[in-house]
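Written below as structure tokens is the structure these notes are about.
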Amino acid sequence: MAHEHLLAIDVGNTQTLAGVYHGERLLHEWRISTEPTATADELAAAHDQIMRLRGGSLDELDALIVASVVPTLTAGYRGLADKYLGGPALVVGPGIKTGMPLLIDNPRELGADRLVNAVAAYHHHGGPCIVVDFGTATNVDVVSAAGEYLGGVIAPGVHTSLEALASRAARLITVDLVPPERLIGRSTVEAMRSGLVLGTVAMVDGLVVRARAEVGEDATVIATGGLAGLVQPLSEEIDLYEPLLTLEGLRLVHDLNRRPGGGR
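Under the working numbering, think of the first position of the sequence shown as 227, with each following residue one higher.
So, in structure tokens, the structure goes:
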């Protein structure tokens, strides 16, 4: 069977990550701002324009898979696939095959991005493993040695914490998120930077230590998400930085659902 050209879409609250695969090879990846009111036509135009800058176009695509935390855009990408790709989008959600048992109280409430991250982490690194995704929220997701999704932690993301500080404290300002030179800030900006960046590092490292105590001290810890590159070098517990882990999980889930007889 000839390899398909697959468009993988991860719709986050702030940004949308997209990538084009030919078989297992990632050809292109890009990010656009998430616009909850965008129509199918507007989404198609945005992605087609970027693809043309990379020497491609929507016309070369055979399939689309989407993981979305924004319901209006889930519908938008369904419309894009129907109108421009000639077939239905595969939407990560209840009933989709993942090959991963979900040992949580209500699998239907698990975010699609968290699920595909867990699938990719276990596929490439085995278990136990822990994924830390730095986005609008900071998510910690845990997979057992047997490849079971066990659950995780949801905490405020770095930008979310910064926006809350700036909006609720009149004398505090927005700051650039860069690694602090020291913990003890000598100005308001330095103090906020230490709290946001080093506070996130301390929180994540503490959560990982506790998660390893529950799932196994040998658990591999993988960081992903928009701000992972900022936090990972400062962490004492994160083993790997894989910025495109979510796209890889989407590809794996697409392949499993395309394959005849692929089982959960």
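By construction, the Cβ of each residue, glycine as well, lies at the ideal position given by its N, Cα and C atoms.
Simplified DSSP assignment, three categories, for residue i
i	result
A439	helix
D402	coil
D285	helix
S413	coil
M227	Per-residue confidence for M227 stands at a pLDDT of 44, beneath the threshold of 50, marking its modelled position as unreliable; no derived number is given.
L476	helix
L253	strand
R490	Model confidence at R490 stands at a pLDDT of 37, short of 50, so the residue's coordinates are unreliable; what they give is reported in the following sentence. Three-state result, R490: coil.
I276	helix
H350	helix
V317	strand
L341	helix
L453	coil
S387	helix
L329	coil
A363	strand
S461	coil
P382	strand
Minimum C-alpha distance to residue i - residue among the options
i	options	result
T324	K309, A344, L306, D308	A344
V237	G452, L424, A372	G452
H254	E335, N239, K309, L284	L284
L476	I291, A272, V246	I291
V441	E286, I356, S294	I356
E353	G337, M326, H273, E407	It is worth fixing the name first, because residue 353 is Gly in this sequence and not Glu. Here the closest residue by C-alpha is M326.
H248	G282, R278, D267	G282
E389	L422, V379, R408, G373	L422
H231	I322, N332, A289	A289
V447	H350, I235, W256	H350
M277	A347, A293, R340, I258	I258
L470	W256, T240, V427	W256
Closer than 8 Å: residue i CB and nearest the ligand FMN heavy atom
i	result
T472	Among the components modelled here there is no ligand, and therefore nothing to report on the ligand FMN.
Beta-bridge partners of residue i, as assigned by DSSP
i	result
L233	V246, L290
G377	V368
V446	The question names Val, but residue 446 is Thr in the sequence shown. Note: T446 sits in a beta bridge opposite C355.
L393	According to the sequence provided, residue 393 is Ser. The question's Leu does not apply to it. Paired residue(s): none; S393 is not in a bridge.
L433	Its beta-bridge partners do not exist; DSSP assigns none.
(request) Say whether the stretch 461-469 touches the stretch 360-368, bearing in mind that this needs 3 or more beta-carbon pairs closer than 8 Å, one atom from each stretch. (result) no
(message) I'd like to know if the stretch 302-322 and the stretch 405-419 are in contact, where contact means that at least 3 CB-CB pairs between them fall below 8 Å.
(response) no
(request) Count the C-beta pairs between the stretch 259-266 and the stretch 296-313 that are closer than 8 Å, then say yes if the count reaches three, no if not. (result) Yes, since at least three Cβ pairs between the stretch 259-266 and the stretch 296-313 fall closer than 8 Å, the two stretches touch.
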